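*Asks:*
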Amino acid sequence: MSEFKNISGVACILDIDNIDTDQIIPTEYLKSIKKFGFGEFLFDGWRYHDIANINTPTSSRSLNQDFILNQAPFNESKIIITGKNFGCGSSREHAVWALRDFGIETVIAESFGDIFYNNCFKNGVLPIALNQDKLLMVKDHVSNESKLHISLVDKNIVIKNERIAFEVDSGMLDMIITGQDEVDITLSISDKIKSYESNRLKHKPWLN
Amino acid sequence: MKTLYDKLWDDHVVEDLGSGDHLVYIDRHFLHEVTSPQAFDGISKKNLKPWRLAANIAIPDHNVPTARGQNFELESIEDEVSKIQIIELDRNCNKFDIPQFDINSEKQGIVHVVGPENGFTLPGMTIVCGDSHTSTHGAFAALSMGIGTSEVEHVLATQCLRIKKLKNFRINLLGCPRDDVTSKDVILYVIRSIGTDGGTGHAIEFSGDYISSLSMESRMTICNMSIEAGAKVGLIAFDKITESYLSDKVQLDKSEYDKALEYWKSLSSDSNAKFDKEIEIDVSKIKPQVSWGTSPEMTSDYDSCVPELDQNSDKYSTYKKAIEYMGLKEREKLSDLTFNKVFVGSCTNSRIEDLRLVAAEIKDKRISESIEEALIVPGSGQVKLQAEKEGLDKIFIEAGFSWRDPGCSMCLGMNEDKLSPGDRCASTSNRNFEGRQGHMGRTHLVSPMMAARIAIHGGIPHE
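Just so you know, the sequences run in chain order A and B. Quick note: the first sequence uses my numbering, first residue 4, plus one each step. Quick note: the second sequence uses my numbering, first residue 89, plus one each step.
1) Rounded to whole angstroms, what's the CA-CA distance from A/E79 to A/D18? Just pull it up for me.
2) How many angstroms separate the CA atom of B/S193 from the CA atom of B/S468?
3) Could you run through the segment 79-91 of chain A and flag, in chain order, every residue whose CB is less than 7 Å away from some CB of chain B?
4) Can you give me the start and stop residues for the beta strand (DSSP E) that A/A112 sits inside?
5) Output needed for B/P211: all residues of its chain with C-beta closer than 7 Å, excluding positions within five of it in sequence on either side, in chain order.
6) Between which residues of its own chain and B/K95 is the CB-CB distance below 6 Å, once the five residues before and five after are set aside?
7) Using alpha carbons as the reference points, say which of A/I16, A/I179 and A/N147 lies closest to A/N73.
8) Could you give the DSSP three-state label for B/N260: helix, strand or coil?
9) When you compare each of A/R95, A/L204 and A/R166 to A/H144 by their alpha carbons, which one comes out closest?
10) Is there a Cβ of chain A sitting closer than 8 Å to that of B/K133, yes or no?
11) Consider the Cβ of A/A14: report whether some Cβ of chain B lies at a distance smaller than 8 Å.
12) Are the CB atoms of B/T224 and B/C435 nearer to each other than 8 Å?
13) Is the beta carbon of B/G234 less than 8 Å from the beta carbon of A/N88?
14) Considering B/M282, what are the terminal residues of the beta strand (DSSP E) in which it resides?
15) Span of the beta strand (DSSP E) holding B/S232?
16) With 16 other CB atoms within 10 Å as the buried threshold, where does B/A348 fall?
17) Please determine, among B/D511, B/A539, B/P384 and B/H545, the residue with the shortest C-alpha to C-alpha distance to B/D424.
18) I want to see whether chain A comes within less than 8 Å of B/R439, judged by CB atoms only; does it?
19) Specify the secondary structure class of B/F189 as computed by DSSP and reduced to three states.
20) Can you say whether B/E205 is buried or exposed, counting buried as having 16 or more other CB atoms within 10 angstroms of its CB?
21) Can you round the beta-carbon distance between A/I54 and A/I84 to whole angstroms, since I take them to be within the 8 Å contact cut?
22) In three-state terms, what does DSSP make of B/K337?
23) At the level of alpha carbons, what is the spacing between B/P509 and B/N428?
24) A/D18 versus chain B: which residues are under 7 Å apart at the beta carbon?
25) Specify, as a first and last residue, the run of the beta strand (DSSP E) that B/E344 falls within.
26) Per the DSSP calculation, B/H463 is bridged to which residue(s)?
27) Note down, one range per segment and in chain order, each beta strand (DSSP E) of at least 3 residues found wholly within the segment 367-397 of chain B.
28) Would you decide whether A/K8 is buried or exposed? Buried here means 16 or more other CB atoms lie within 10 Å of its CB.
29) Report yes if the C-beta distance between A/V99 and A/V128 is below 8 Å; otherwise report no.
30) Which residues in chain A have a C-beta closer than 9 Å to the C-beta of B/P153? List them in chain order.
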C-alpha cells in the first residue's frame, strides 16, 4: 500500500440510506478466492441490467446508463457521498475491495456499518462520518462542482474557502497514510500474547 | 459494577494499545469457504502458521449444494467457481492442519448452527468468524462478532484482534407474547423500532423475563439478528437454560466442569451496571411481523399495509426505491400479496425448534397452488437427523416442501438455490436486501410459523 496524504477527485452522490454490502458487491463475486479485481463489479445490481455472473466478461454486459457511476465524469469517481448506515449488513471485505479497485479512496456518509468501517482502514479506503449539516454542505458543493479535496493530515474537507473538519481515529488514519501491516505490528508484541495465554489456561483450564 | 459485555471484554484484553485500541484475545475462530481463502493466502505469504490450531474449526456452508445426498463428490458441483472455493477450504485445512467438518461429514452445516450444537461455543468465550451472523453465539454469554477477511488473517496469525471497546446497550423484553409470535417476530420488531443502525457502535444485551423464558434456539435467533439492528455483538446472560443446553454437549471432567460452571454463573450484568443506552419493549403487544421492503427495518405487522410515501420525509427516496423494487403499491394490504416461493432455513431459523414449528403448521395440509417452490433446509446434519427421527421430513414432503441437505441455501443464493427475477418469497432468513436471494428476487422476512402459513395459503392469512 502506498503512502498518501490527500484525496482529490470527482465525487458522486448516492442519496440513499442503508446501502448494504450486498449492493456494494453481490454475493456472486464472493466466489472469487482473490483479493483484487472486484472494481468492475462495484454496485453490480445498479450498474448493469443483466444478472451478476462471475464468468461473464464485463464488456459483453448491458450497462445501466441511468446509474451515476456509468456517467462521465462520475465513472472516474474517487469519492462517494451517501446517507446513513453505509456498508451495513454482511461482513464481506470484498465490498471494500470493490470500492478500492474501482478507484474510490473515501466514502463520506452520515454513519457506517461497524464491520465495514473497520474493513475500510485495512485496505486504504477512508470512511468519513459527518453530521447531517456538514454532510449537506458537502453535498451542496458537489452538486455544483463535482470535485472535492480532502486533507488527511489536517483531517478536513476543503470547500472553496471553507474547511469542514472531520473526526477519525489517529491510529486508524495512520494505517491508511502509512499502509502499515497490522499482523507485523501485533507479532512484535507476541510475548504479551503468550503470557496472556499461559495465565488464561491457569484460570480457565477447560478452554484448552 | 460491570455489564456482561464489560466482563467479557476485561477478561480478554491482552494489551491496551492506546487511543482506545486494544489487543483482544480470541478463544474460538470459525472459518468457512467464502471469507477465508484470502486470509490463508495472507499468512502463507508471510510464512506464518495459525497461532493456536485448536482455536479453529472450519465448515463449508455458503456454497454447498443442498440437494447432494450422501458421499457427495466435490467434482460434481456444477458451478466451477463455487467448487474451487470449497476445494480451496479443503486444501487450506489440510495444509495448515485445521479441523474441518467437510461436506460429507454428518456434522456439517451452517457454522452458527454447528458451533453451538457441538459444544464449540461456550459461555465466556470470545468467538469470531468472517461472517456477520457470528453475533448468534452471544446467546451463550460469549463475546462473539463477525469480522472481515483481514481480521480473519490477523486472528489466524496472532490469535488476537485489534479493536476498540463498544458501548453498552440493553434492550429489556418484557411480558408474554401471543401464541403466534416467535422470537423471530420479536427481533424483527426490535429492528423495526430502533432501525438498522440503532445498535451501531454498541453491544446489545437482550434481557427481561421474555428472554429468560426462551429456549437457546430462540435466543440464538434474537442474537443472530442483532447485526440487522447495527450491533455486531448481541448478548444474553448465562442462566439455567444455557446450563441445561450445554449439559450434554460439553465434554469436561467433573472438576473442570465445576470450575467452568462457577465462572459461567458470573456471566450476567451486575444489578446496578450502567448502560449507555437502554430501552424496554412489551412483547405482549407484538403481532407477527412481515418485512415489506429492502432493509430489515422496513417491517410491519402482518395485518397492515405498505407505507404511504411522504415527499417531505427524509426516508422518501429510500422508501420509493424499495417499494418499486418489491413490486408494491403504497398503502397496499400485505395480505393481498401472492407469494410463489417459500424458504425455511438459514442461521436465523433452521434449528430443530424452527422445523417443529413448521411441521405443526403444515401437518396434513398441502402447499398452495401459487407456491412453485418451498424449500426447507436444516441448519446442520444433526438437525436433519433429529428431524427425520421425529418424522418431520415426511410431513414436509407430504405437504409439498423440498427437504434438503444442510447449508446456507437460499439465504444468500450463492449456491444453486436462488430466486428468479420477480419471485416473491416468504423467507425465514435475515436479509431482504435487493438481490440477496437472487437477481431481482423479492424477499419478505418472516418467522418459520408465518412461512408455513404462507406456504399453505399462498399469501399472508387475513385473520
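Glycine residues also receive a C-beta, built at the ideal position from the N, C-alpha and C atoms. These numbers come from a predicted model, not from an experiment.
*Replies:* With the structure as the only source:
1) 18 Å
2) 10 Å
3) Flagged, chain order: K87, N88 and C91.
4) T109 to A112
5) Answer for B/P211: F228, A229, A230, F326, T330, W352 and L355, listed in chain order.
6) There are no such residues.
7) A/I16
8) strand
9) A/R166
10) no
11) no
12) yes
13) no
14) Per the sequence shown, the amino acid found at residue 282 of chain B is Ile instead of Met. Careful: B/I282 lies outside any beta strand (DSSP E), inside the alpha helix (DSSP H) at S271 to I282.
15) L231 to G234
16) buried
17) B/H545
18) no
19) Coil at B/F189, not helix or strand.
20) buried
21) Not a contact, Cβ separation roughly 29 Å.
22) coil
23) 12 Å
24) The contacting residues are S405.
25) Taken as a continuous stretch (DSSP letters only), B/E344 belongs to no beta strand (DSSP E), being part of the alpha helix (DSSP H) at K342 to W352.
26) It should be noted that the sequence gives Leu, not His, for residue 463 of chain B. BP columns for B/L463 point to B/F431 and B/S490.
27) 377-379 and 387-389
28) exposed
29) yes
30) Result: empty, since nearest Cβ-Cβ is about 13 Å, beyond 9 Å.
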